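K.L.:
The structure is given below, and queries will be raised subsequently.
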Amino acid sequence: MKYDFITIGGATEDITFYTAEGILVDNKKDLTRQKLLAFEYGAKIKVDKSFSGFGGGAANAAVGLANFGFKTACFCAIGQDSRGQRILDNFKKRGVDLALVQKIKNIETGFSFLLVGPANEHIVFSNRAANDELGIRNKELGIMENAGWFYLTSLSGSWQANLDKIFSVKGVKIAWNPGHRQILTGFKELEKYFKKTTCLIVNKDEALELAVSLKKYKTKSRAFLNQVKNLLFILSSGGPEIILITSGRQGASAMAQGKIYHQPIIKESRRADTTGVGDAFGSAFIAGLELYKQDIKKSLFLAAKNAASVISAPGAQNGLLKRKAIPL
């Protein structure tokens with residue numbers, strides 16, 4: 008079977024708690040952790056409301072791309088438990104193909120605990136669980152060869168072996184939103200993959216971490232490193248065709264063929280929480296490249312619309328736009 012997209016990475020069930028008791032702390036001394044959400048040590052925290060839904064980078068991207076009308080499969084790993092079954096049922100309901108969902112024995116399905124603070128920003132506590140067991144064998148490689156795009160998200164477990172196999176597949180475009188474990192290895196270790204990446208997608212903090220992992224940028228001034236333009240040029244030196252950096256309320260910027268584009272945020276109708284907003288932005292941007300024949304500006308606008316829609320509804324997947332709601 009031919010697929011427009013295969014998303015690769017995590018699938019989880021998410022439990023979200025909302026509380027107004029957290030305090031947002033400026034931490035400007037640390038460029039990679041400039042904002043902290045703090046609670047009184049030893050206190051019992053009042054929860055205003057809670058929400059159960061679905062998440063994981065690959066799952067969120069798969070649902071978003073399927074919503075846009077693309078034939079999409081999610082390559083992820085779940086346990087043989089009720090949580091995993093709920094994820095499968097959600098995929099079926101959302102039109103995501105299940106051919107690459109691996110069911111792992113004797114391990115629970117991954118889940119995340121999300122804490123949403125007073126400004127509706129969130130912190131994620133993630134138990135990868137079955138996601139750590141994702142493995143790519145010849146069977147999966149045979150299916151993967153029939154894709155137009157891979158949308159690659161955070162990997163854990165044997166992620167380096169999996170990356171080698173993913174990037175060995177010929178004739179497939181790759182959009183890559185690397186996870187925490189990948190970012191920590193540094194720019195030099197990832198450069199061989201960057202050279203084969205069609206679009207690298209990171210947030211500003213991740214871009215900073217990659218930049219300062221390079222010796223020549225470690226001692227650069229705070230002012231230099233805080234400039235998204237400089238980060239775009241640094242990351243582009245690794246070889247990706249397109250760089251996309253999201254910067255929260257400052258919008259997003261992209262670079263392609265040496266040209267820089269910027270997209271301000273689109274104000275949401277209401278602000279529920281920011282869960283899944285990065286996945287919504289990144290996957291919609293890649294969808295836009297297909298829908299709008301590589302038009303970066305239009306793709307950024309679609310991504311901003313999708314992100315605003317996700318922010319206006321609780322959870323990572325409920326606000327995702329559908330094809331009929333977007334301009335063509």
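Residue numbering for the sequence shown follows our numbering, beginning at 8 and increasing consecutively.
We treat Cβ as the ideally placed atom computed from N, Cα and C, and that holds for glycine.
Note that this is a predicted model, so its numbers are computed, not measured.
In whole angstroms, what separates the C-alpha of D212 from that of K99?
P.N.:
The residue given as residue 212 occupies position 205 in the sequence shown. The residue given as residue 99 occupies position 92 in the sequence shown. Looking at the two C-alpha atoms, the distance is approximately 34 Å.
K.L.:
E20 and T79: beta carbons closer than 8 Å?
P.N.:
Here residue 20 refers to the residue found at position 13 when the sequence shown is read from its first residue. Here residue 79 refers to the residue found at position 72 when the sequence shown is read from its first residue. Result no, Cβ atoms of E20 and T79 do not sit closer than 8 Å.
K.L.:
Quick check on M8 - is its C-beta less than 8 Å from some C-beta in chain D?
P.N.:
The structure shown contains no chain D; it is built from a single protein chain.
K.L.:
Are the beta-carbon atoms belonging to C83 and N138 less than 8 Å from one another?
P.N.:
Locating residue 83 in the sequence shown gives position 76, counting from the first residue. Locating residue 138 in the sequence shown gives position 131, counting from the first residue. It is a contact, given that the beta carbons lie within the stated cut-off.
K.L.:
Which whole-angstrom value describes the C-beta separation of L170 and A214, a residue pair presumed to lie in contact below a C-beta threshold of 8 Å?
P.N.:
Position 163 of the sequence shown holds residue 170. Position 207 of the sequence shown holds residue 214. Contact doesn't hold; Cβ gap of about 19 Å is too wide.
K.L.:
Comparing alpha-carbon positions, which option in A310, S165, G285, L298 lies nearest H269?
P.N.:
As a working mapping, residue 269 is identified with position 262 in the sequence shown. Of the listed residues, the one whose Cα sits closest to H269 is A310.
K.L.:
Measuring straight from C-alpha to C-alpha, what distance separates E248 and L105?
P.N.:
By 1-based counting over the sequence shown, the position of residue 248 is 241. By 1-based counting over the sequence shown, the position of residue 105 is 98. One C-alpha to the other measures close to 30 Å.
K.L.:
May I ask which residues mark the beginning and end of the beta strand (DSSP E) holding D11?
P.N.:
The residue you call residue 11 lines up with position 4 of the sequence shown. First-last of the beta strand (DSSP E) with D11: 10-15.
K.L.:
Of the residues T26, Q41, A27, which one's Cα is nearest the Cα of D33?
P.N.:
Looking up residue 33 in the sequence shown gives position 26. The shortest C-alpha separation from D33 is found at Q41.
K.L.:
Use the C-beta contact count for Q189: other C-beta atoms within 10 angstroms, 16 or more gives buried, fewer gives exposed.
P.N.:
Walking along the sequence shown from the start, residue 189 turns up at place 182. Classification of Q189: buried, given that the 10 Å Cβ count is 16 or more.
K.L.:
Take the Cβ of I318 as the centre, count every other Cβ of all protein chains shown within 10 Å, and call the residue buried at 16 or more, exposed below.
P.N.:
By one-based count along the sequence shown, residue 318 stands at place 311. By the neighbour-count rule (16 or more Cβ atoms within 10 Å), I318 is buried.
K.L.:
Locate the beta strand (DSSP E) running through G62, then write down its first and last residues.
P.N.:
The residue given as residue 62 occupies position 55 in the sequence shown. Its beta strand (DSSP E) spans residues 56-62.
K.L.:
Going by C-alpha distance, which of D11, F12, E28, K35 is nearest A230?
P.N.:
On the sequence shown, position 223 is the one that residue 230 refers to. Of the candidates D11, F12, E28, K35, the one whose C-alpha sits nearest the C-alpha of A230 is K35.
K.L.:
Where are the beta strand (DSSP E) runs, 3 residues long or more, that stay fully inside the stretch 212-260, in chain order?
P.N.:
Entirely contained in the stretch 212-260, the beta strand (DSSP E) runs reaching 3 residues are, in chain order, 249-253.
K.L.:
Could you tell me the distance, in whole angstroms, from the CA atom of L307 to the CA atom of I250?
P.N.:
Sequence index remark: in the sequence shown, residue 307 carries index 300 (1-based). Sequence index remark: in the sequence shown, residue 250 carries index 243 (1-based). If I take the Cα positions, the gap works out to 12 Å.
K.L.:
Buried or exposed, going by whether 16 or more other CB atoms sit within 10 Å of the CB of A27?
P.N.:
Taking the sequence shown and counting its residues from 1, one reaches residue 27 at position 20. Answer is exposed; the Cβ neighbour count stays below 16.
K.L.:
On a Cα-Cα basis, can you pick out the residue from G178, S260, G186, Q264 that is closest to H203?
P.N.:
For this step, residue 203 is matched to residue 196 along the sequence shown. First, the residue type needs correcting, since residue 203 is Lys and not His in the sequence shown. That would be G178, whose Cα lies nearest to the Cα of K203.
K.L.:
State the CB to CB distance for the pair G71 and D286, rounded to an integer number of angstroms; the pair is presumed to be in contact (CB under 8 Å).
P.N.:
Position 64 of the sequence shown, counted from the first residue, corresponds to residue 71. Position 279 of the sequence shown, counted from the first residue, corresponds to residue 286. Contact flag correct, Cβ pair sits at about 7 Å.
K.L.:
Per DSSP, Q270 forms a beta bridge with which residues?
P.N.:
Counting from 1 along the sequence shown, the entry for residue 270 is found at position 263. DSSP output for Q270 lists A259 as bridge partner(s).
K.L.:
Kindly indicate which three-state DSSP category S163 falls into: helix, strand or coil?
P.N.:
What you label residue 163 is simply residue 156 of the sequence shown in a count that begins at 1. Here S163 sits in coil by DSSP.
K.L.:
Which one or two residues does DSSP pair with Y25 in a beta bridge?
P.N.:
If you number the sequence shown from 1, residue 25 lands on position 18. Y25 is bridged to K56, V123.
K.L.:
If you draw a straight line from the C-alpha of P125 to the C-alpha of M151, how long is it?
P.N.:
Mapped onto the sequence shown, residue 125 falls at position 118. Mapped onto the sequence shown, residue 151 falls at position 144. For P125 and M151, the distance between alpha carbons rounds to 42 Å.
K.L.:
May I have the straight-line CA-CA distance separating G258 from I272, to the nearest angstrom?
P.N.:
Taking the sequence shown and counting its residues from 1, the one referred to as residue 258 is at position 251. Taking the sequence shown and counting its residues from 1, the one referred to as residue 272 is at position 265. Between G258 and I272, the C-alpha separation is close to 5 Å.
K.L.:
Could you tell me which residues DSSP puts in a beta bridge with Q109?
P.N.:
Stepping through the sequence shown from its first residue, residue 109 is reached at position 102. Note: Q109 sits in a beta bridge opposite A84.
K.L.:
Expressed to the nearest angstrom, what Euclidean distance is found between the alpha-carbon atoms of C81 and I208?
P.N.:
Within the sequence shown, numbered from 1, the residue matching residue 81 stands at position 74. Within the sequence shown, numbered from 1, the residue matching residue 208 stands at position 201. Rounded to the nearest angstrom, the two C-alpha atoms are 18 Å apart.
K.L.:
In the DSSP output, which residue or residues are listed as bridge partners for D280?
P.N.:
Here residue 280 is taken as the residue at index 273 of the sequence shown, counted from 1. D280 pairs with nothing; no bridge assigned.
K.L.:
For F132, write down the residues that DSSP places opposite it in a beta bridge.
P.N.:
Taking the first residue of the sequence shown as 1, we reach residue 132 at position 125. Answer by DSSP bridge pairing, in chain order: F120.
K.L.:
Taking Cβ to Cβ, would you say G62 is nearer than 8 Å to S119?
P.N.:
Start at 1 with the first residue of the sequence shown, and residue 62 comes out as number 55. Start at 1 with the first residue of the sequence shown, and residue 119 comes out as number 112. For G62 and S119, yes; Cβs fall inside 8 Å.
K.L.:
Would P334 be called buried (16 or more neighbouring beta carbons within 10 Å of its own) or exposed?
P.N.:
As a position in the sequence shown, residue 334 is number 327, starting the count at 1. The residue is exposed, with fewer than 16 neighbouring Cβ atoms inside 10 Å.
K.L.:
Relative to the C-alpha of L159, which residue among L327, R330, I13 is closest?
P.N.:
As a first step, residue 159 must be located in the sequence shown, where it is residue number 152. The residue with the shortest Cα to Cα distance from L159 is I13.
K.L.:
At what residues does the beta strand (DSSP E) containing L31 begin and finish?
P.N.:
For the purposes of this step, residue 31 is taken as residue 24 along the sequence shown, with counting starting at 1. That run of the beta strand (DSSP E) goes 30-33.
K.L.:
Could you check where the alpha helix (DSSP H) with I190 kicks off and where it finishes?
P.N.:
The residue given as residue 190 occupies position 183 in the sequence shown. From DSSP, the alpha helix (DSSP H) with I190 extends over 187-192.
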